[in-house]
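Before any comments, here is the structure.
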Amino acid sequence: MKIVMLGAPGAGKGTQAKRIAEACGIPHISTGDIFRSNIKAGTELGKQAKAFMDQGALVPDEITVGMLMDRIHETDCKDGYVLDGFPRTIPQAESLTEALSRTGEAIDAAIDIEVPDEDIVLRMGGRRACLHCGATYHTCFHPPRLENICDHCGHELVLRDDDKPETVKTRLEVYHAHTYPLIAYYRAAGVLHEVDGTKNMDQVFAEIREIL
Ligand code: AP5
Ligand code: MG
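The opening residue of the sequence shown carries number 191 in the working numbering; numbering runs sequentially from there.
Here it is as structure tokens:
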């Protein structure tokens with residue numbers, strides 16, 4: 191099962207991708223998480239990515255596509271994966287389609303989580319992320335058991351650098367200009383499924399389960 195998650199920043203892609211990955215026994219691959227762990231580790235890739243991410247801009251396709259291709263060719267991906275945050279541009283989607291088609295494969299489902307821009311801003315301010323394991327919480331909608339501590343790995347939770355209101359606005363603009371067209375791309379491929387992302391996390395997951 192090869193799944194692509196679509197949706198604006200803060201729509202809940204990471205939240206639902208983690209649940210899908212657990213339920214299906216396949217890896218959750220988030221390009222944002224890969225960049226953030228490289229930033230934390232101080233790698234060259236991290237340094238390159240940080241400049242773009244802090245502005246709310248996209249990391250260039252030349253950096254992102256190669257990184258994702260390497261990841262999906264690792265052995266844990268042989269039975270499929272959930273992609274979260276990739277593809278984010280039409281050229282990225284075309285690279286993925288082309289790479290898969292070489293071995294007669296294709297994306298099985300693209301799940302678009304729909305949330306209006308107004309709700310997004312509210313969600314981002316309350317988000318707390320674990321940079322160690324990638325888990326995501328919300329101060330109101332999904333608080334950790336202990337304040338600011340990750341339930342899964344015990345590391346400290348942080349407010350992401352790109353979750354400041356000004357940066358969120360830029361990320362939404364970038365989303366509408368570059369990523370939104372992917373909905374039509376996957377609809378044309380016959381694999382698009384749209385879910386209402388304004389419902390609570392369990393209801394959204396129930397809808398996705400139904401689809402899968
Ligand atoms: P990335 O990390 O992918 O960020 P994003 O797409 O902006 O998405 P988010 O992670 O912010 O949101 P999400 O949809 O995962 O929501 P979440 O589940 O956390 O990318 C970051 C940056 O990296 C990009 O800006 C770019 O610079 C770069 N990058 C990454 N991939 C790239 C690519 N392919 N090409 C180029 N550049 C790339 O939920 C949000 C909050 O809401 C949480 O607090 C959560 O608890 C809460 N929540 C979730 N669901 C619900 C619900 N149903 N009800 C109430 N609250 C909810
Ligand atoms: Mg995410």
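By construction, the Cβ of each residue, glycine as well, lies at the ideal position given by its N, Cα and C atoms.
Three-state class that DSSP yields for residue 386 in the structure shown: strand
Counting only the same chain and skipping the five closest in sequence on each side, list residues whose C-beta sits under 7 Å from that of residue 365. 198, 199
Can you give me the start and stop residues for the beta strand (DSSP E) that residue 317 sits inside? 317-320
Tell me whether residue 248, by its Cβ, gets closer than 8 Å to a heavy atom of the ligand AP5. yes
With a CB to CB cut of under 8 Å and the five nearest residues on each side skipped, what residues in its chain are close to residue 245? 357, 360
Is residue 315 near the ligand MG, with its Cβ less than 8 Å from a heavy atom? no
Verify the contact flag: residue 220, CB atom, against every heavy atom of the ligand MG, threshold strictly below 8 Å. yes
Kindly list the residues whose CB is nearer than 6 Å to the CB of residue 231, restricted to its own chain and excluding five residues on each side of it in sequence; keep chain order. none
Do residue 329 and residue 208 have their CB atoms nearer than 9 Å? no
In chain order, which alpha helix (DSSP H) runs of at least 4 residues are fully inside the region 309-388? Taking only runs of at least 4 residues, the alpha helix (DSSP H) segments lying wholly in the region 309-388 are 355-364, 371-378.
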